[in-house]
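Undergrad: Dropping a structure here in structure tokens format, bear with me for questions.
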Amino acid sequence: MQEATFLILTALADGSQHGYGIIAEVQEISGGRVRLRAGTLYTALDRLRVDGLIEVDREEIVEGRLRRYYRLTPEGTERLAAEAARLQANARAALARLKPLGVVT
Amino acid sequence: MTEPSRLERGYRRVLACYPKEFRRANEEEILAVLLATAAEGRQRAGLAECADLLRGAIKMHLGMSRSPRPVLNAVRLMCAGAVLTLAVLATVLVTLGSLRSDFIQNFTAAQWHTVMLTQIVPVLASAPIGAGVWLWLAWANGRGYDWARPAFMALFGVVTTGLLLGVGEGTALYAPADLIAATVLWLVGLAVIVLIFSKTASPYYQQEPAQQ
Numbered sequence: 097m098q099e100a101t102f103l104i105l106t107a108l109a110d111g112s113q114h115g116y117g118i119i120a121e122v123q124e125i126s127g128g129r130v131r132l133r134a135g136t137l138y139t140a141l142d143r144l145r146v147d148g149l150i151e152v153d154r155e156e157i158v159e160g161r162l163r164r165y166y167r168l169t170p171e172g173t174e175r176l177a178a179e180a181a182r183l184q185a186n187a188r189a190a191l192a193r194l195k196p197l198g199v200v201t
Numbered sequence: 005m006t007e008p009s010r011l012e013r014g015y016r017r018v019l020a021c022y023p024k025e026f027r028r029a030n031e032e033e034i035l036a037v038l039l040a041t042a043a044e045g046r047q048r049a050g051l052a053e054c055a056d057l058l059r060g061a062i063k064m065h066l067g068m069s070r071s072p073r074p075v076l077n078a079v080r081l082m083c084a085g086a087v088l089t090l091a092v093l094a095t096v097l098v099t100l101g102s103l104r105s106d107f108i109q110n111f112t113a114a115q116w117h118t119v120m121l122t123q124i125v126p127v128l129a130s131a132p133i134g135a136g137v138w139l140w141l142a143w144a145n146g147r148g149y150d151w152a153r154p155a156f157m158a159l160f161g162v163v164t165t166g167l168l169l170g171v172g173e174g175t176a177l178y179a180p181a182d183l184i185a186a187t188v189l190w191l192v193g194l195a196v197i198v199l200i201f202s203k204t205a206s207p208y209y210q211q212e213p214a215q216q
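Quick note, the sequences are listed as chains A and B, same order.
First residue of the first sequence? That's 97 in our numbering, and the numbers climb one at a time after it.
First residue of the second sequence? That's 5 in our numbering, and the numbers climb one at a time after it.
The structure is reproduced here in structure tokens:
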């Protein structure tokens, strides 16, 4: 799973979000490192919808403009959990090997 | 109703590059995000933002967000095939000088002239068209048109014939680098065939285009 995809799914893990909300969440989760642009975001959202990992939660009109909220599907939640566990296991293994070198505490 | 700002008009021009059906469903929403993320007082769409939107538009036209994974990978390979076709052309051009001097040692200059006209020039002239065909079939397969797979089979047939002829002529007419480049291109074509005829990919080609 690509980092942007992982971060988008993470942004939706605790509730539905609209496009701008996802961009802001992803920026916050990544500590400002990843700033999604609209083109990248909507290509990823389209892909995730086709793959059945997210779905449209609701639509609103705010100041005359469409705002569409997305949420994780059960399959999306499952995939995110599996990916998070995989990354955690890899990180744990890396940290365990780095510890004797004194690089990490 | 207020007039759209210059920035909004700029974004709309770039969004016009997206496929019609995608625009109908998403343009207003994307526009809202673009305007919300634009810096205060900004008048024109940024270059990076436009490049990102154009990249997204190309992916949408190639069906790269809608197609199943094997088709997605096949589309990527077909784009690589287009680049490789041009790489074969470049390889032939680069090795032409050494090929000529080797050829002239055994044959006359007039024979070299004939070989150039009948065999090498057609290869060089058809390469850009070939690259275009690879890209066109990438688009058609990405969109899931039912004719796209047989059409790619036909292209693969041409690539295979070209490779067999090249191998038949051997080093008399082509440098080893030319044959290696042509073999890599053939392998790319073979991988595409495997992907687009896979079990996961097949249902995608049986849908109505509107569903894709």
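Glycine included, each C-beta is placed from N, C-alpha and C at the ideal position.
Can you give the Cα-Cα distance for VAL37/B and GLN98/A, rounded to whole angstroms?
TA: Roughly 22 Å between the two C-alpha positions.
Undergrad: Using a Cβ-Cβ cutoff of less than 7 Å, which residues in the same chain neighbour GLN216/B once the five nearest sequence positions on both sides are dropped?
TA: The predicted position of GLN216/B is uncertain, since its pLDDT is 46 and thus under 50; a value taken from the coordinates is nonetheless stated next. Only GLY67, ARG70, ARG147 and GLY148 meet the Cβ criterion.
Undergrad: Judging by CA-CA distance, which residue of LEU121/B, MET120/B, LEU39/B and PHE156/B is the nearest neighbour of VAL137/B?
TA: Among LEU121/B, MET120/B, LEU39/B and PHE156/B, the Cα nearest to that of VAL137/B belongs to PHE156/B.
Undergrad: When you compare only the Cα positions, how much space is there between LYS63/B and VAL192/B?
TA: For LYS63/B and VAL192/B, the distance between alpha carbons rounds to 20 Å.
Undergrad: Are at least three pairs of beta-carbons, each pair with one atom in the region 121-138 of chain A and one in the region 52-63 of chain B, less than 8 Å apart?
TA: A contact exists between the region 121-138 of chain A and the region 52-63 of chain B.
Undergrad: Between which residues of its own chain and PHE26/B is the CB-CB distance below 7 Å, once the five residues before and five after are set aside?
TA: Once the five neighbours on either side are set aside, the close Cβ partners of PHE26/B are MET64.
Undergrad: Here's a check: name, in chain order, each residue in its chain whose Cβ is nearer than 7 Å to the Cβ of LEU93/B, leaving out the five neighbours to either side.
TA: LEU128 and ALA131, listed in sequence order.
Undergrad: Could you compute how far the alpha carbon of PHE102/A sits from the alpha carbon of HIS114/A?
TA: When rounded, the distance between both Cα atoms is 17 Å.
Undergrad: In chain B, which residues lie less than 8 Å from ILE119/A when you measure between Cβ atoms?
TA: Neighbours of ILE119/A on chain B, chain order: VAL37 and THR41.
Undergrad: Provide the residue(s) that pair with ILE150/A in DSSP beta bridges, ordered along the chain.
TA: Bridge partners of ILE150/A: LEU168/A.
Undergrad: Using the Cα positions of THR95/B and VAL198/B, report the straight-line distance between them to the nearest angstrom.
TA: Taking the straight line joining both Cα atoms gives about 27 Å.
Undergrad: Just checking: is the beta-carbon of GLY170/B within a distance shorter than 8 Å of some beta-carbon in chain A?
TA: So, not an interface residue.
Undergrad: Any beta carbon from chain B within less than 8 Å of ARG161/A's own beta carbon?
TA: By this cut-off, ARG161/A is an interface position.
Undergrad: Using a Cβ cut-off of 8 Å (strictly closer), state whether ALA214/B contacts chain A.
TA: Confidence is the limiting factor: at ALA214/B the pLDDT is only 46, short of 50, which leaves the residue's position unreliable, though a coordinate-based value still follows. Not an interface residue.
Undergrad: CB-CB under 7 Å to ASP153/A, same chain, minus the five flanking residues each way: which ones, in chain order?
TA: So the list reads SER112, TYR165, TYR166 and ARG167, once near-sequence residues are dropped.
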